Amino acid sequence: MPEIEKNNDENEKLANLFTKEIFCDSDSEEFFDYCHYRYKPCCDFLGKLRSINLLNESLNKFLNKHLVEKNLKIIKKIQTELGIKKTVWGIKKLGSKIAWEYYFYNYQKKNALIKFENVIKTVSPEILFNGSLNENIPYFMFSIDISKEILESGKIDCAHIYLNPPSNRPAGISYILTENKTEMENIYHFYNPKKELNELYNKIRKSAFVDLEKIELKEILWPELTDCKSICIANKKETDCIYYSGIDYEQFIYFLERLEYPLELVEYIKSNSDRLNHLQYDVGFDYCFEKEGTEKLKIIKSGYYGIF
Numbered sequence: 210m211p212e213i214e215k216n217n218d219e220n221e222k223l224a225n226l227f228t229k230e231i232f233c234d235s236d237s238e239e240f241f242d243y244c245h246y247r248y249k250p251c252c253d254f255l256g257k258l259r260s261i262n263l264l265n266e267s268l269n270k271f272l273n274k275h276l277v278e279k280n281l282k283i284i285k286k287i288q289t290e291l292g293i294k295k296t297v298w299g300i301k302k303l304g305s306k307i308a309w310e311y312y313f314y315n316y317q318k319k320n321a322l323i324k325f326e327n328v329i330k331t332v333s334p335e336i337l338f339n340g341s342l343n344e345n346i347p348y349f350m351f352s353i354d355i356s357k358e359i360l361e362s363g364k365i366d367c368a369h370i371y372l373n374p375p376s377n378r379p380a381g382i383s384y385i386l387t388e389n390k391t392e393m394e395n396i397y398h399f400y401n402p403k404k405e406l407n408e409l410y411n412k413i414r415k416s417a418f419v420d421l422e423k424i425e426l427k428e429i430l431w432p433e434l435t436d437c438k439s440i441c442i443a444n445k446k447e448t449d450c451i452y453y454s455g456i457d458y459e460q461f462i463y464f465l466e467r468l469e470y471p472l473e474l475v476e477y478i479k480s481n482s483d484r485l486n487h488l489q490y491d492v493g494f495d496y497c498f499e500k501e502g503t504e505k506l507k508i509i510k511s512g513y514y515g516i517f
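Be aware that the sequence shown starts at 210, since it is given in this note's numbering, and climbs by one per residue.
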């Protein structure tokens, strides 16, 4: 049974790689935020952990061994095809459920490898998508969802594509792509909180999902996180969303604890404070009133991001 033994050996190596810590091992280490823009680390970084370790920890905690190995194959294939640190990952908390999303940026389509069809081909046969995308569409990014159910079925029902609409500020618009159709999904606007607080306030106030006469603005625009690099407000079909980019380690812990992330994830991050304090973090949450006519803000979904 040599072929079975070979496959078992390969899976064992993959499992070991997933539990192995990945370090910043060079003075020329590069760091990227959730828009895949470079940033300077908060402090000395040599020998400390890369953000992919946070992704690995979440996968190990919330997937069985078989699905962990399957997902690692996907990650390794993406890294082999596109390169290291070319992909943004997101960890999503929806109630008690944890899911993931992988984002592929290609500004001005300068990278010939980061094309929709190529990435979909790269992640198969582990996961399959029957839809297609016209490469003449001027997208700058696309993403695919990853979850326990998707990994078990080996199929994704949709993907997401992102374009830059004409705007007097940094902005984006996303569409959901299925096998049969494309529909508009979200609109994003970015603000510099150090210079554009009034504009940011006005953007949050102009919402069909919340009434700021009934709740305080600080329930959405957290004072504890507002001194960050940038803030994005997204208008979605059923919620609004706020993203904070470039927060530090202590602010990241505050976010995780306030939104009651699973203890096993938070404890891992807290127990490695001296090895994760060099990173900038990007976080966000979707919000709306609990139901029409109530005065209670409900956070539907939240997430944080990194690179692999």
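Don't be surprised by glycine CBs; every beta carbon is placed ideally from N, CA and C. Note that the structure is a prediction, hence the values are computed from the model and not measured.
Next on the checklist: Quick test of your reading: Leu485 and Ile478, contact by CB under 8 Å. State the CB separation rounded to the nearest angstrom.
Outcome noted: For the purposes of this step, residue 485 is taken as residue 276 along the sequence shown, with counting starting at 1. For the purposes of this step, residue 478 is taken as residue 269 along the sequence shown, with counting starting at 1. Correct: roughly 6 Å between the Cβ atoms.
Exercise. Measure the C-alpha to C-alpha separation of Ser235 and Leu255 and round it to an integer number of angstroms.
Key: Here the question's residue 235 lines up with position 26 in the sequence shown. Here the question's residue 255 lines up with position 46 in the sequence shown. When rounded, the distance between both Cα atoms is 7 Å.
### Task
Can you tell me which of Ser376, Leu342, Ile413, Lys330 puts its alpha carbon nearest to the alpha carbon of Asp449?
Numbered from 1 along the sequence shown, position 240 holds the residue referred to as residue 449. Asp449 has its Cα closest to that of Ile413, out of Ser376, Leu342, Ile413, Lys330.
key: Collapsed DSSP secondary structure at Arg484 in the structure displayed   = Here residue 484 is taken as the residue at index 275 of the sequence shown, counted from 1. Secondary structure of Arg484 (DSSP, three-state): helix.
To which residues of the same chain is Ala380 closer than 8 Å at the C-beta, ignoring the five residues directly before and after it? Residue numbering aside, residue 380 sits at position 171 when the sequence shown is read from its first letter. Once the five neighbours on either side are set aside, the close Cβ partners of Ala380 are Asn373, Pro374, Ile396, Tyr397, His398, Phe399.
Next on the checklist: Here's a check: name, in chain order, each residue in its chain whose Cβ is nearer than 6 Å to the Cβ of Tyr314, leaving out the five neighbours to either side.
Outcome noted: The residue you call residue 314 lines up with position 105 of the sequence shown. Answer for Tyr314: His245, Met350, listed in chain order.
- Message: Looking only at its chain, what residues have a beta carbon closer than 6 Å to the beta carbon of Tyr463, apart from the 5 residues adjacent to it on each side?
- Response: Against the sequence shown, residue 463 aligns to sequence position 254. Contacts found: Glu433.
Quiz item: At what residues does the beta strand (DSSP E) containing Lys510 begin and finish?
Solution: Along the sequence shown, read from residue 1 onward, the residue named residue 510 stands at position 301. Note, Lys510: beta strand (DSSP E), 506-516.
So for Arg378, helix, strand or coil by DSSP?
Here residue 378 refers to the residue found at position 169 when the sequence shown is read from its first residue. DSSP places Arg378 in coil when its eight states are reduced to three.
*asked:* Please report the distance separating the alpha-carbon of Cys251 from that of Tyr490.
replied: Against the sequence shown, residue 251 aligns to sequence position 42. Against the sequence shown, residue 490 aligns to sequence position 281. Their backbone Cα atoms lie some 10 Å apart in a straight line.
Check your understanding: Which residues in the same chain as Tyr316 place their Cβ atom closer than 6 Å to its Cβ, once the five residues preceding and following it in sequence are excluded?
Key -> Here the question's residue 316 lines up with position 107 in the sequence shown. So the list reads Phe349, once near-sequence residues are dropped.
Environment of Asp164 [buried if 16+ CB atoms lie within 10 Å]
With the chain represented from 210 up to 517, any question about residue 164 goes unanswered, as that position is not in the structure.
According to DSSP, residues forming a beta bridge with Asp491
Taking the sequence shown and counting its residues from 1, one reaches residue 491 at position 282. According to DSSP, Asp491 bridges with Ser454.
*Would you be able to state if there are at least three C-beta pairs under 8 Å between the segment 507-514 and the segment 296-310?*
Flag = yes, the segment 296-310 and the segment 507-514 touch.
Contact belief for Leu272 with Lys357 at Cβ below 8 Å, rounded distance in angstroms: Along the sequence shown, read from residue 1 onward, the residue named residue 272 stands at position 63. Along the sequence shown, read from residue 1 onward, the residue named residue 357 stands at position 148. Right, their Cβ atoms sit about 6 Å apart.
- [ ] Give the straight-line distance between the Cα atoms of Ile442 and Trp298, rounded to the nearest whole angstrom.
- [x] Working through the sequence shown from its first residue, we reach residue 442 at position 233. Working through the sequence shown from its first residue, we reach residue 298 at position 89. If you take the alpha carbons of Ile442 and Trp298, they lie about 19 Å apart.
query: For Tyr384, which of Asn377, Lys505, His369 has the nearest alpha-carbon?
result: As a first step, residue 384 must be located in the sequence shown, where it is residue number 175. Checked all of Asn377, Lys505, His369; the closest Cα to Tyr384 is His369.
When DSSP labels each residue in this structure, what does Phe254 get in the three-state scheme?
-> As a first step, residue 254 is located in the sequence shown; it is residue number 45 there, counting from the start. Reduced to three states, the DSSP call for Phe254 is coil.
Checklist line | Proximity below 8 Å, CB of Ile456 to CB of Ile440 | finding: Taking the sequence shown and counting its residues from 1, the one referred to as residue 456 is at position 247. Taking the sequence shown and counting its residues from 1, the one referred to as residue 440 is at position 231. Result no, Cβ atoms of Ile456 and Ile440 do not sit closer than 8 Å.
Three-state secondary structure assigned by DSSP to Tyr316
Here residue 316 refers to the residue found at position 107 of the sequence shown. In the structure shown, Tyr316 sits in a helix (DSSP, three-state: H, G or I).
Under the three-state DSSP convention, the category Phe498 falls into
Here residue 498 corresponds to residue number 289 of the sequence shown, with the count starting at 1. Three-state result, Phe498: strand.
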